[in-house]
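Chemist: Here you go, one structure.
Protein chains: 2
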Amino acid sequence: MSELVWSVNPFGGAVVDPKSVSSRTGEFATDLSSAIKRWHEENLKVAWLEIPKASFSAIAIASEQGFVFHHVTEEYAMMTIQIEDNAFVPPYATHYIGIGGVVINENDELLVVSEKYRAPGRGPGYKLPGGALLPGEHLAEAAVREVFEETGISTAFEALTFFRHWHDYRYGKSDIYFVARLSPLDNDITIQEEEIAECLWMPLDKFLNEDSVHLFNKTIVKSAAEHEGLKITTIDGYQPAEKFEFFTLS
Amino acid sequence: MSELVWSVNPFGGAVVDPKSVSSRTGEFATDLSSAIKRWHEENLKVAWLEIPKASFSAIAIASEQGFVFHHVTEEYAMMTIQIEDNAFVPPYATHYIGIGGVVINENDELLVVSEKYRAPGRGPGYKLPGGALLPGEHLAEAAVREVFEETGISTAFEALTFFRHWHDYRYGKSDIYFVARLSPLDNDITIQEEEIAECLWMPLDKFLNEDSVHLFNKTIVKSAAEHEGLKITTIDGYQPAEKFEFFTLS
């Protein structure tokens with residue numbers, strides 16, 4: 000007879016050993032309902048059930064017994080159940096993070112792109128190069144990478160100067176779009192053909208007065224041109240550097 | 000005979016109608032493998048399969064046929080499959096967002112808390128009140144709410160002055176912790192008994208020189224005390240106000 004194995008964490012949570020989750024659904028259903036009974040008897044608050052890919056058939060059983068999804072990866076599904084009414088379950092990730100780069104050269108020209116895919120009938124709508132952070136990527140890195148990928152221009156990160164918080168952005172989750180000021184290290188544009196229709200150095204004044212440029216884009220460029228912004232700083236004891244990134248005013 | 004129904008989105012993605020997902024696993028397995036064949040014939044890039052709670056038994060079948068989890072809610076699981084090799088699948092939320100409040104009163108005293116649950120052997124380690132954003136909550140709102148919940152002090156949001164980016168924070172996802180400067184609207188502390196051991200107004204100088212206070216906390220308080228920070232701004236055309244929040248330097 001196989002039975003579920005679990006440990007209890009410091010917050011009164013039963014944490015089931017994924018290796019003890021059976022893919023035989025009849026057996027798992029019996030194991031799980033006995034376990035839930037025990038968790039109530041032991042006055043636990045929450046149970047955490049990680050179901051490995053090989054046992055995904057257990058998901059439907061756990062759902063029938065009151066478990067809900069917490070998060071998933073390609074390799075497992077994490078489900079939870081509140082044993083105590085209204086017990087606190089720390090939420091999963093809630094936000095998307097993106098960054099755009101304001102790159103102004105020594106001739107007071109701004110690096111702008113227009114995207115290939117845009118709503119029909121709209122003008123070119125020049126905007127900043129930028130995009131979403133890769134997993135584990137720093138904001139400064141992401142800004143430099145996105146600008147390079149879309150325009151071929153190498154840059155150095157200077158400061159963060161603006162950001163926008165936007166709820167219900169995609170699949171009910173929120174988005175934060177940061178704006179970075181970067182200094183160009185060269186001037187020769189190489190367009191990324193797949194996504195970018197046009198890329199050019201546009202006189203800053205023209206961009207700020209161009210009708211087809213969205214007010215949001217004018218606002219963030221103006222802000223980056225006029226303010227020092229938040230610079231990268233370090234704090235002793237936070238290592239490795241790839242894991243932590245700090246921004247402060249100077 | 001029931002068959003999967005789908006539409007094709009502008010990015011070459013087949014989007015399966017969740018109502019056509021059968022909870023009868025044998026039938027679903029046949030339907031899905033025919034559909035995958037069709038998607039290849041039609042040169043689609045990606046397929047999106049939303050499986051409603053009532054059909055969670057279909058998850059294991061879809062996984063066996065090459066689908067991987069994209070994201071989950073309490074009501075459904077979204078799975079995807081790349082029909083074209085390396086097709087782009089827009090990622091799901093990647094970050095947790097939290098905020099702490101620097102509240103300094105007219106006597107140059109800082110509002111600090113110490114948490115009930117902390118590593119044994121550690122000192123009280125006074126820190127800022129704060130916590131994670133609720134779904135759809137603005138940063139300014141969250142700072143004011145967390146300070147009030149933990150300390151009973153009502154405040155008004157002034158500015159953001161610092162932030163920390165931390166990778167692999169929980170379940171492999173990253174975290175951004177913002178620091179807000181808030182002005183106190185009253186002085187009478189009411190501790191939240193459940194999580195907070197101590198709450199007091201501490202002379203700012205003392206906090207900045209106290210050995211038991213973590214360098215990170217000293218750094219962010221100093222930054223908030225010395226700089227104006229990023230203020231809330233608005234941009235015409237972004238409505239409703241609950242959906243968008245903008246921060247800029249002034």
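Top to bottom, those sequences are chains R and Y. According to numbering that gives the first Met the number 0, the first sequence is numbered sequentially starting from 0. According to numbering that gives the first Met the number 0, the second sequence is numbered sequentially starting from 0. Think of the CB as a built atom: it goes at the ideal place given N, C-alpha and C, for glycine as much as any other residue. In this text, all values refer to a predicted model and were calculated from it rather than measured experimentally.
According to the Cβ coordinates, are residue 144 of chain Y and residue 95 of chain Y closer than 9 Å?
Modeler: Locating residue 144 of chain Y in the second sequence gives position 145, where the first residue counts as 1. Locating residue 95 of chain Y in the second sequence gives position 96, where the first residue counts as 1. No.
Chemist: Of all the options Y:44, Y:176, Y:235 and Y:225, which has the alpha carbon lying nearest to the alpha carbon of residue 9 of chain Y?
Modeler: By 1-based counting over the second sequence, the position of residue 9 of chain Y is 10. The residue with the shortest Cα to Cα distance from residue 9 of chain Y is Y:44.
Chemist: Is residue 23 of chain Y buried or exposed, if buried means 16 or more other CB atoms sit within 10 Å of its CB?
Modeler: Here residue 23 of chain Y corresponds to residue number 24 of the second sequence, with the count starting at 1. It counts as exposed.
Chemist: Decide yes or no for the touch test of the segment 100–120 of chain R against the segment 141–155 of chain R: beta carbon pairs closer than 8 Å, at least 3 of them.
Modeler: yes
Chemist: If you draw a straight line from the alpha carbon of residue 139 of chain R to that of residue 235 of chain R, how long is it in whole angstroms?
Modeler: Indexing the first sequence from 1 puts residue 139 of chain R at position 140. Indexing the first sequence from 1 puts residue 235 of chain R at position 236. Using only the alpha carbons, I get a separation of about 20 Å.
Chemist: For residue 54 of chain R, count neighbouring C-beta atoms within 10 Å of its own C-beta (all shown protein chains included) and say buried if the count is 16 or more, exposed if not.
Modeler: Translated into the one-based positions of the first sequence, residue 54 of chain R becomes position 55. With 16 or more other Cβ atoms within 10 Å, it is buried.
Chemist: For the segment 149–181 of chain R, list every residue whose C-beta sits within 8 Å of some C-beta in chain Y, in sequence order.
Modeler: Taken in chain order, the members of the segment 149–181 of chain R whose beta-carbon sits within less than 8 Å of a beta-carbon on chain Y are 160, 161, 162, 163, 164, 165, 166, 167, 169, 170, 171, 172, 173 and 175.
Chemist: Below 9 Å between beta carbons: does that hold for residue 181 of chain R and residue 146 of chain R?
Modeler: Counting from one through the first sequence, the residue named residue 181 of chain R turns up at place 182. Counting from one through the first sequence, the residue named residue 146 of chain R turns up at place 147. Contact: yes.
Chemist: Give a yes or no on whether 9 Å exceeds the smallest Cβ distance from residue 38 of chain R to chain Y.
Modeler: Numbered from 1 along the first sequence, position 39 holds the residue referred to as residue 38 of chain R. Judged by the 9 Å Cβ criterion, residue 38 of chain R is not in contact with chain Y.
Chemist: Show which residues of chain R have a CB atom less than 8 Å away from the CB atom of residue 211 of chain Y.
Modeler: Looking up residue 211 of chain Y in the second sequence gives position 212. The premise fails here: residue 211 of chain Y is roughly 15 Å from chain R at the closest Cβ pair, so nothing lies under 8 Å.
Chemist: Between the segment 218–231 of chain Y and the segment 188–207 of chain Y, do at least 3 Cβ pairs fall closer than 8 Å?
Modeler: yes
Chemist: Provide the residue(s) that pair with residue 191 of chain Y in DSSP beta bridges, ordered along the chain.
Modeler: For the purposes of this step, residue 191 of chain Y is taken as the residue at position 192 of the second sequence. Answer is none; residue 191 of chain Y lacks a bridge partner.
Chemist: Does DSSP put residue 247 of chain Y in a helix, a strand or coil?
Modeler: The residue given as residue 247 of chain Y occupies position 248 in the second sequence. Strand at residue 247 of chain Y.
Chemist: Just tell me which of Y:193, Y:104 and Y:173 has its CA closest to the CA of residue 185 of chain Y.
Modeler: Walking along the second sequence from the start, residue 185 of chain Y turns up at place 186. Looking at the Cα atoms, Y:104 is the closest of the given residues.
Chemist: Looking at the C-beta of residue 246 of chain R, does it have a partner C-beta in chain Y at a distance below 9 Å?
Modeler: Position 247 of the first sequence holds residue 246 of chain R. For residue 246 of chain R, the answer is yes, since a Cβ of chain Y falls inside 9 Å of its Cβ.
Chemist: Leaving out five residues on either side along the sequence, give the residues of the same chain with a beta carbon under 6 Å from the beta carbon of residue 216 of chain R.
Modeler: For the purposes of this step, residue 216 of chain R is taken as residue 217 along the first sequence, with counting starting at 1. Excluding positions up to five away in sequence, the list reads 126.
Chemist: Anyone know if the C-beta pair for residue 160 of chain Y and residue 161 of chain R falls short of 9 Å?
Modeler: Here residue 160 of chain Y corresponds to residue number 161 of the second sequence, with the count starting at 1. Here residue 161 of chain R corresponds to residue number 162 of the first sequence, with the count starting at 1. It is not a contact, given that the beta carbons lie outside the stated cut-off.
Chemist: Mind pulling the beta strand (DSSP E) runs of 3 or more residues that sit fully within the segment 121–206 of chain Y?
Modeler: 129–131, 154–169, 172–183 and 195–202
Chemist: For residue 11 of chain Y, which of helix, strand or coil comes out of DSSP?
Modeler: Here residue 11 of chain Y refers to the residue found at position 12 when the second sequence is read from its first residue. DSSP places residue 11 of chain Y in coil when its eight states are reduced to three.
Chemist: Would residue 95 of chain R count as contacting chain Y if we go by Cβ distances under 9 Å?
Modeler: Position 96 of the first sequence holds residue 95 of chain R. True, the Cβ-Cβ gap to chain Y drops below 9 Å.
Chemist: Would you say the beta carbon of residue 42 of chain R comes nearer than 8 Å to a heavy atom of the ligand NAP?
Modeler: No copy of the ligand NAP appears in this structure; indeed no ligand is present at all.
Chemist: Going by DSSP, which residues form a beta bridge with residue 231 of chain R?
Modeler: Sequence index remark: in the first sequence, residue 231 of chain R carries index 232 (1-based). Per DSSP, R:246.
Chemist: From what residue to what residue does the beta strand (DSSP E) around residue 113 of chain Y run?
Modeler: Within the second sequence, residue 113 of chain Y is the residue found at index 114, counting from 1. 108–114 is the extent of the beta strand (DSSP E) around residue 113 of chain Y.
Chemist: List in chain order: all unbroken beta strand (DSSP E) runs of 3+ residues lying wholly within the segment 36–63 of chain R.
Modeler: Taken in chain order, the unbroken stretches of beta strand (DSSP E) that lie wholly in the segment 36–63 of chain R and span 3 residues or more are 45–51.
Chemist: Tell me the rounded alpha-carbon separation between residue 245 of chain R and residue 231 of chain R.
Modeler: The residue given as residue 245 of chain R occupies position 246 in the first sequence. The residue given as residue 231 of chain R occupies position 232 in the first sequence. Rounded to whole angstroms, the separation of the alpha carbons of residue 231 of chain R and residue 245 of chain R is 6 Å.
Chemist: What is the DSSP secondary structure of residue 22 of chain R, reduced to helix, strand or coil?
Modeler: Taking the first sequence and counting its residues from 1, the one referred to as residue 22 of chain R is at position 23. Residue state, collapsed to three classes: coil.
Chemist: Taking beta-carbon pairs under 9 Å, can you tell me which members of the segment 1–15 of chain Y lie near chain R?
Modeler: 9 and 10
Chemist: Go ahead and label residue 233 of chain Y buried or exposed: buried means 16 or more other beta carbons lie within 10 angstroms of its beta carbon, across all protein chains shown.
Modeler: Taking the second sequence and counting its residues from 1, the one referred to as residue 233 of chain Y is at position 234. So residue 233 of chain Y counts as exposed.
Chemist: State the CB to CB distance for the pair residue 48 of chain Y and residue 97 of chain Y, rounded to an integer number of angstroms; the pair is presumed to be in contact (CB under 8 Å).
Modeler: Position 49 of the second sequence, counted from the start, is the residue given in the question as residue 48 of chain Y. Position 98 of the second sequence, counted from the start, is the residue given in the question as residue 97 of chain Y. Not quite, the Cβ-Cβ distance comes to about 33 Å (not below 8 Å), so this is no contact.
Chemist: Could you check what DSSP says for residue 68 of chain R in three-state terms: helix, strand or coil?
Modeler: Your numbering for residue 68 of chain R matches position 69 in the first sequence. Three-state DSSP puts residue 68 of chain R in a strand.
Chemist: In whole angstroms, what separates the C-alpha of residue 32 of chain Y from that of residue 83 of chain Y?
Modeler: On the second sequence, position 33 is the one that residue 32 of chain Y refers to. On the second sequence, position 84 is the one that residue 83 of chain Y refers to. One C-alpha to the other measures close to 16 Å.
Chemist: Closer than 9 Å, CB to CB, is residue 201 of chain Y near chain R or not?
Modeler: Counted from its first residue, the second sequence places residue 201 of chain Y at position 202. It does not; no Cβ of chain R falls within 9 Å.
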